[in-house]
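Below: one structure, written as structure tokens.
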């Protein structure tokens with residue numbers, strides 16, 4: 002059959018898999034993506050401008066970078082749902098050629114993100130259990146090596162996505178319409194043939210790497226998050242209770258004896274007050290981390306469950322392929338929402354983050370205004386008094402967001 006003479010209707014040329022996908026990626030994704038890119042950029046600016054860069058701040062900044070990369074990789078999918086781009090021959094060719102690789106890179110960033118969240122939660126648990134841990138400055142060399150190892154391991158776990166499907170492209174309608182069809186390499190039939198041309202070695206590689214991905218990127222990290230989040234809340238509650246109980250016990254004993262000198266009482270209570278301030282700060286940090294972890298789990302878990310079920314039972318738990326596809330669209334959109342929510346979670350749960358955000362924006366805007374003022378003054382001696390010193394003096398010394 003000469004496919005180049007056959008012209009397909011517009012309905013078959015649309016790149017949307019369903020009406021639900023078209024609605025989500027044309028109406029909801031564009032403003033959400035803009036908000037997520039701006040929010041994550043502001044988050045990175047705040048976290049990297051801290052006086053004391055803790056491990057948690059470094060991990061959270063890397064998480065924001067991964068979220069930005071994920072949203073950028075999703076932009077071509079959103080563009081493909083608009084008819085203007087879907088019917089464009091050049092965009093259609095580039096998108097259909099690169100779609101599977103865009104998905105693979107997006108999965109890579111998601112894998113890095115989930116282990117970064119595990120690292121943040123683990124670092125906070127250690128910090129709450131061992132107060133001296135927060136005083137140790139993170140080794141830049143070890144952090145760089147650890148992040149490089151994480152990127153490499155996640156790349157190795159997700160690179161099978163680049164070869165997990167066999168894609169065929171053909172030109173229709175006098176070489177004006179590109180059509181593509183992608184099938185899993187482990188399917189039993191390709192284009193009506195009973196034999197699969199994919200090598201047995203490649204099929205086994207995809208099969209076992211998919212199982213490893215389910216275990217090491219979905220099941221185990223989510224289990225770690227639940228356990229670490231529970232431990233974090235337990236230790237924070239336990240230490241706060243112990244501190245308040247100790248302070249109450251000392252005050253009752255001194256009140257009963259009534260013989261302690263006033264300077265000694267003032268010194269003792271000042272020491273306990275300093276400990277209370279430190280405990281409250283650690284509690285706020287723990288609450289922020291717990292909020293981030295909870296938001297991450299709620300938005301990522303549904304997609305993880307669907308991928309887990311597909312890896313074990315294929316599509317047998319679902320009544321129709323359309324039902325499965327729409328469920329994947331919904332869970333994927335939840336993941337996108339989660340990538341945009343971290344900025345909101347930081348602002349709502351951390352007063353320090355809000356103060357730091359305002360100070361950072363003021364310093365950036367103030368710096369631009371001062372630069373303009375400097376260029377507008379033409380005298381033999383020009384002095385610009387920067388407000389940075391006032392901003393720096395007003396900063397609070399805190400360990401993390």
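Numbering (this note's numbering), first residue to last: 2 to 402.
We put the CB at the ideal spot given by N, CA and C, even for glycine.
The structure displayed is predicted, hence computed values, not measured ones.
Would you tell me roughly how many angstroms separate the C-alpha atoms of residue i and residue j, rounded to the nearest one?
| i | j | result |
| --- | --- | --- |
| residue 32 | residue 296 | 20 angstroms |
| residue 337 | residue 111 | 10 angstroms |
| residue 350 | residue 68 | 19 angstroms |
| residue 187 | residue 63 | 35 angstroms |
| residue 21 | residue 83 | 13 angstroms |
| residue 25 | residue 352 | 33 angstroms |
| residue 119 | residue 214 | 16 angstroms |
| residue 123 | residue 105 | 27 angstroms |
| residue 153 | residue 147 | 10 angstroms |
| residue 327 | residue 140 | 46 angstroms |
| residue 156 | residue 113 | 9 angstroms |
| residue 179 | residue 172 | 5 angstroms |
| residue 174 | residue 347 | 52 angstroms |
| residue 227 | residue 164 | 33 angstroms |
| residue 294 | residue 363 | 29 angstroms |
| residue 359 | residue 44 | 12 angstroms |
| residue 340 | residue 220 | 20 angstroms |
| residue 27 | residue 130 | 47 angstroms |
| residue 199 | residue 212 | 19 angstroms |
| residue 75 | residue 334 | 10 angstroms |
| residue 58 | residue 366 | 24 angstroms |
| residue 202 | residue 166 | 14 angstroms |
| residue 92 | residue 233 | 48 angstroms |
| residue 403 | residue 197 | Missing from the structure shown is residue 403; the chain here goes from 2 to 402 and no further. |
| residue 262 | residue 149 | Because the pLDDT of residue 262 is 46, which lies under 50, any placement of that residue in the model is unreliable, and the number read from its coordinates should be weighed accordingly. Distance between the alpha carbons of residue 262 and residue 149 is about 57 angstroms. |
| residue 231 | residue 218 | 20 angstroms |
| residue 42 | residue 9 | 43 angstroms |
| residue 6 | residue 311 | 38 angstroms |
| residue 355 | residue 126 | 24 angstroms |
| residue 216 | residue 176 | 44 angstroms |
| residue 305 | residue 225 | 14 angstroms |
| residue 36 | residue 85 | 24 angstroms |
| residue 17 | residue 77 | 12 angstroms |
| residue 181 | residue 11 | 15 angstroms |
| residue 303 | residue 332 | 6 angstroms |
So residue i and residue j are supposed to be a Cβ contact under 8 angstroms. How far apart are they, rounded?
| i | j | result |
| --- | --- | --- |
| residue 89 | residue 162 | With a Cβ gap of about 26 angstroms, residue 89 and residue 162 do not count as contacting. |
| residue 170 | residue 97 | 6 angstroms |
| residue 80 | residue 361 | That belief does not hold up - the Cβ atoms of residue 80 and residue 361 are roughly 32 angstroms apart, past 8 angstroms. |
| residue 307 | residue 183 | Contact doesn't hold; Cβ gap of about 19 angstroms is too wide. |
| residue 117 | residue 71 | Actually they do not touch by this definition, with Cβ atoms about 12 angstroms apart. |
| residue 87 | residue 15 | 6 angstroms |
| residue 290 | residue 121 | 6 angstroms |
| residue 115 | residue 301 | 7 angstroms |
| residue 344 | residue 40 | 3 angstroms |
Which residues mark the beginning and the end of the beta strand (DSSP E) in which residue i is found?
| i | result |
| --- | --- |
| residue 171 | 166 to 173 |
| residue 182 | 178 to 185 |
Take the Cβ of residue i as the centre, count every other Cβ of all protein chains shown within 10 Å, and call the residue buried at 16 or more, exposed below.
| i | result |
| --- | --- |
| residue 159 | buried |
| residue 55 | buried |
| residue 324 | exposed |
| residue 13 | exposed |
| residue 313 | exposed |
| residue 142 | exposed |
| residue 19 | exposed |
| residue 223 | buried |
| residue 34 | buried |
| residue 299 | exposed |
| residue 205 | exposed |
| residue 287 | buried |
| residue 239 | exposed |
| residue 99 | exposed |
| residue 229 | buried |
| residue 342 | buried |
Starting from residue i, trace the alpha helix (DSSP H) both ways and give me its first and last residue.
| i | result |
| --- | --- |
| residue 77 | 56 to 81 |
| residue 25 | First-last for residue 25: undefined, no H or E at that position. |
| residue 18 | Residue 18 -> no alpha helix (DSSP H), and no H or E assigned at all. |
| residue 206 | 201 to 214 |
| residue 159 | 141 to 159 |
| residue 110 | 90 to 130 |
| residue 87 | 84 to 87 |
| residue 32 | 30 to 49 |
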